[in-house]
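As structure tokens, the structure follows; a few thoughts come after it.
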Amino acid sequence: MSLSTAPLISAHELLVAWTVRTIRARYQQSILGWFWAIVQPAASVAIYSVVFTMVVPVETGGFPYAVFSYIAVVPWTLLSTSLTDMTGSLVGNISLVQKIYFPRQVLPVSAMTARLMDFGVAASLLVVLMVAYRTPFFPAAMVYLPLVLAVQLMLITGLGLACAALNVFYRDVQSLLVLVLQLWFYASPVIYPVSLVPENYRWLYYLNPMAGIIQGYRDILLTGAAPGLYLVNAGVISVLLLVAGQWIFHRYEPLFADII
Numbered sequence: 003m004s005l006s007t008a009p010l011i012s013a014h015e016l017l018v019a020w021t022v023r024t025i026r027a028r029y030q031q032s033i034l035g036w037f038w039a040i041v042q043p044a045a046s047v048a049i050y051s052v053v054f055t056m057v058v059p060v061e062t063g064g065f066p067y068a069v070f071s072y073i074a075v076v077p078w079t080l081l082s083t084s085l086t087d088m089t090g091s092l093v094g095n096i097s098l099v100q101k102i103y104f105p106r107q108v109l110p111v112s113a114m115t116a117r118l119m120d121f122g123v124a125a126s127l128l129v130v131l132m133v134a135y136r137t138p139f140f141p142a143a144m145v146y147l148p149l150v151l152a153v154q155l156m157l158i159t160g161l162g163l164a165c166a167a168l169n170v171f172y173r174d175v176q177s178l179l180v181l182v183l184q185l186w187f188y189a190s191p192v193i194y195p196v197s198l199v200p201e202n203y204r205w206l207y208y209l210n211p212m213a214g215i216i217q218g219y220r221d222i223l224l225t226g227a228a229p230g231l232y233l234v235n236a237g238v239i240s241v242l243l244l245v246a247g248q249w250i251f252h253r254y255e256p257l258f259a260d261i262i
């Protein structure tokens, strides 16, 4: 079976409709609604700011820790929530998978695109923080940010498709993902700068694609600098994971209805 995205593109109307349905289902009975998209990263940053400015000070290159950490927490939240939703997307829609034919990629991919809306809402608070802390805004950010986001979305899509497919056969995948995300969080420069990693080991550290992605967001927004080779490394790894994730998904897609 082809690994192309043609089936997904042909079902773009269904993808949009299912994304909208997912967003409405998440917030239609919520009092705070979209505000929850800001609460989670904002609460995390508030805690980190207290710990890493008062208890264990972390050097951020002169940038306010709230801004420094929020820049990383928002994309990390996009990664963790997207992967969690994508992993359970097939099992959580058993009746659809069993009874109706449609490109099954729609379910995990729509779970990710729904989380993109949260990402956009949460990013609005970053603008407020940068204004409040008088952090300069660099026009170059508008050019480079879509590139970093594209790399991150390839990473999420590849991993999410693989996890969604494997979770159909092994329900332990969802529980294992929780542990992996916890370890991955501390292995990524979310609450600390890359400069704390010994220079001799940074090449190894950047094998973690989220390290390059987060550093890319920080360099662009805090200094206006173009992403370095670390983003190229993250891009290559993300593309490989995207191809692998698509292969795994398409390899096992014909079996989903029978196994679920």
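Residue numbers (my numbering): 3 to 262.
Beta carbons: idealized from backbone N, C-alpha and C, even for Gly.
Just so you know, these numbers come straight off a predicted model, no measurement behind them.
On a CA-only basis, which of the options is nearest residue i? Give me that one, please.
i      : options                       : result
Gly214 : Ala143, Pro200, Ile239        : Ile239
Ala227 : Phe139, Ser112, Ser46         : Phe139
Ala266 : Gly218, Ala48, Trp249, Leu209 : Residue 266 lies beyond the stretch modelled for the chain, which goes from 3 to 262, so this question has no answer here.
Leu80  : Gly230, Leu16, Ala143, Ile216 : Ile216
Ser51  : Pro148, Pro43, Tyr67, Met156  : Tyr67
Met114 : Thr86, Asp260, Thr225, Val150 : Thr86
Glu255 : Ala44, Ala164, Tyr146         : Ala164
Ala74  : Val175, Gly94, Asp221, Tyr29  : Asp221
Pro229 : Pro141, Leu147, Val53         : Leu147
Ser112 : Asn202, Arg204, Ala27         : Ala27
Gly63  : Leu224, Tyr29, Gly122, Phe104 : Leu224
Gln184 : Val58, Val57, Ser82           : Ser82
Phe104 : Gln42, Trp20, Pro59, Ala134   : Trp20
Leu244 : Gln154, His14, Met56          : Gln154
Phe121 : Ala13, Ile25, His252, Pro59   : Ile25
Give the straight-line distance between the Cα atoms of residue i and residue j, rounded to the nearest whole angstrom.
i      : j      : result
Pro110 : Ile193 : 29 Å
Ser4   : Leu98  : Annotation note: pLDDT 44 at Ser4 (below 50); position unreliable, no value reported.
Ser1   : Val108 : Because the chain is modelled from 3 through 262, residue 1 falls outside the range shown and cannot be assessed.
Leu17  : Glu61  : 43 Å
Leu127 : Trp36  : 12 Å
Ile2   : Thr159 : Outside the shown range of the chain (3 to 262) lies residue 2, about which nothing can therefore be said.
Tyr208 : Trp186 : 13 Å
Val130 : Ala44  : 12 Å
Ala236 : Phe171 : 29 Å
Thr182 : Met144 : One point to set straight first is that residue 182 is Val, not Thr, in the sequence displayed. So the two alpha carbons sit approximately 32 Å from each other.
Leu206 : Pro200 : 10 Å
Asp260 : Lys101 : 11 Å
Val22  : Ser197 : 41 Å
Arg173 : Pro211 : 26 Å
Val180 : Gly90  : 12 Å
Val41  : Ala142 : 28 Å
Asn202 : Tyr135 : 34 Å
Val175 : Tyr232 : 29 Å
Met56  : Arg204 : 27 Å
Pro59  : Gln30  : 41 Å
Ala13  : His252 : 16 Å
Met188 : Glu15  : Checking the sequence, you will find Tyr at residue 188 rather than Met. Distance between the alpha carbons of Tyr188 and Glu15 is about 38 Å.
Which whole-angstrom value describes the C-beta separation of residue i and residue j, a residue pair presumed to lie in contact below a C-beta threshold of 8 Å?
i      : j      : result
Met156 : Val234 : Going by Cβ atoms, the distance from Met156 to Val234 rounds to 13 Å, so no, they are not a contact pair.
Trp78  : Ser190 : 7 Å
Met119 : Val69  : Contact flag wrong, Cβ pair sits at about 23 Å.
Phe258 : Leu149 : Going by Cβ atoms, the distance from Phe258 to Leu149 rounds to 34 Å, so no, they are not a contact pair.
Arg117 : Ser84  : 4 Å
Leu168 : Ile250 : 7 Å
Ala39  : Met88  : Incorrect: roughly 18 Å between the Cβ atoms, too far for contact.
Leu161 : Gly94  : That belief does not hold up - the Cβ atoms of Leu161 and Gly94 are roughly 18 Å apart, past 8 Å.
Phe54  : Thr137 : Actually they are not in contact, since the Cβ atoms of Phe54 and Thr137 sit about 18 Å apart, beyond 8 Å.
Ala124 : Val47  : The pair is not a contact, with the Cβ atoms about 10 Å apart (cut-off 8 Å).
Query - Runs of alpha helix (DSSP H) lying entirely within the segment 124-206, each at least 4 residues, in chain order - result: Qualifying alpha helix (DSSP H) stretches, in chain order: 143-171, 174-188.
Query raised in the report: Can you give, in chain order, each stretch of the alpha helix (DSSP H) that sits fully within the segment 82-122 and has at least 4 residues?
Result: For the segment 82-122, the full-length alpha helix (DSSP H) segments reaching 4 residues or more read 96-101 along the chain.
Query raised in the report: Along the chain, which unbroken stretches of the alpha helix (DSSP H) at least 4 residues long are found entirely within the segment 32-57?
Result: Runs of alpha helix (DSSP H) with 4 or more residues, each lying fully within the segment 32-57, are found at 38-52, listed in chain order.
Report task. Write down every uninterrupted run of the alpha helix (DSSP H) in the segment 202-260 whose length is 4 residues or greater and which is fully enclosed by it, in chain order. Result -> Fully enclosed alpha helix (DSSP H) runs of 4 or longer: 204-207, 211-220, 231-254.
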